[in-house]
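J.: Take a look at this one; I'll ask things after.
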Amino acid sequence: MDEPTTTRRALHGVAELLMAGPQHRESGTIRLAVTPGGFATAAGPRLRVAGTELVAGDRAIPMNGTTFRELAAAAGITDPGAPAGLYRDGSGAGLDDPIGIDAGAAGAVHTGFARGDEALRRFAPEVAPVLWPEHFDVGIAAGEVNYGVSAGDSYLDEPYAYAAPWKPRAGSFWNAPFGAARPLGELPGATAILDFFMEGRDRAASDPVRED
């Protein structure tokens, strides 16, 4: 497995097992938020990822080379594990799996999320973007279309932006099973991602609903 994929899955595991799961059990929500250089819980317990470290209070704990269970213990997380019964997908990580994080690959994930978050806030200022732990993507819903940026998944093994109408549309713009997707390598900044979201909104308004 290459470094970007290993790193993405490790960060996804941290988001799911050490942040969203404990947060849901304590505060009733799985929502996470993009922060400068990483991401964080939206409620208690207050945790954030910064680069290749997990920050808990005044402790910045290196994540690389440990396991999720060991990292949880170091951060004082007493009930690690995924949110129970809320979704079927996820990181696929187990608490005793090793964590492998490359600094450069982690930076690419964090930069992609930061640019996606900025583009979403410019696109729909009235809607707060959410980093979701199930698919590890930052997104919003507006006008019956989901918009966001994924760190990569089984569909496309690299960061990408997406627009996904609740009712699938027909037309050349819609190149993915769920709607439209563009690798961030083709969208080199928040403005380019914003332009893609705007085109998705316009196409969703004009293209016919797909007849399956």
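In terms of this note's numbering, the sequence shown is residues 1 to 212.
Glycine included, each C-beta is placed from N, C-alpha and C at the ideal position.
Here the structure is a predicted model, which means the values were calculated and not measured.
Could you work out which residue in 138, 73, 140 and 177 is closest to residue 155 when comparing CA atoms only?
T.: 177
J.: Consult DSSP for residue 25 and reduce its assignment to one of helix, strand or coil.
T.: helix
J.: In chain order, what residues of the same chain have a beta carbon less than 8 Å from the beta carbon of residue 8, not counting five sequence neighbours either side?
T.: 105, 109, 136, 151 and 152
J.: Return the chain-ordered list of same chain residues with a C-beta closer than 8 Å to the C-beta of residue 95, the five sequence neighbours on each side being excluded.
T.: 17, 67, 68, 69, 72, 80 and 81
J.: Nearest-angstrom Cα distance between residue 101 and residue 116?
T.: 21 Å
J.: By Cβ distance, which residues of its chain are closer than 8 Å to residue 208, with the 5 residues on each side in sequence left out?
T.: 169, 170 and 171
J.: Answer with buried or exposed for residue 139, where buried requires no fewer than 16 other C-beta atoms within 10 angstroms of its C-beta.
T.: So residue 139 ends up on the buried side.
J.: Within the continuous beta strand (DSSP E) that includes residue 59, where are the two ends?
T.: 59-62
J.: Taking only the alpha-carbon atoms, compute the straight-line gap between residue 167 and residue 48 and give it to the nearest angstrom.
T.: 35 Å
J.: Using the beta-carbon count (16 or more within 10 Å), is residue 36 buried or exposed?
T.: exposed
J.: Skipping 5 residues on each side, what residues in its chain have a beta carbon closer than 6 Å to that of residue 122?
T.: 194
J.: Under the three-state reduction of DSSP, which class applies to residue 150: helix, strand or coil?
T.: strand
J.: How far does the beta strand (DSSP E) with residue 35 in it extend, from its first residue to its last?
T.: From DSSP, the beta strand (DSSP E) with residue 35 extends over 32-35.
J.: Taking just the CA atoms, how far does residue 107 sit from residue 77?
T.: 25 Å
J.: Determine the extent of the alpha helix (DSSP H) in which residue 109 is found, giving its start and end residues.
T.: 103-123
J.: Please report the straight-line C-alpha distance between residue 199 and residue 124, rounded to a whole angstrom.
T.: Those two C-alpha atoms are separated by around 14 Å.
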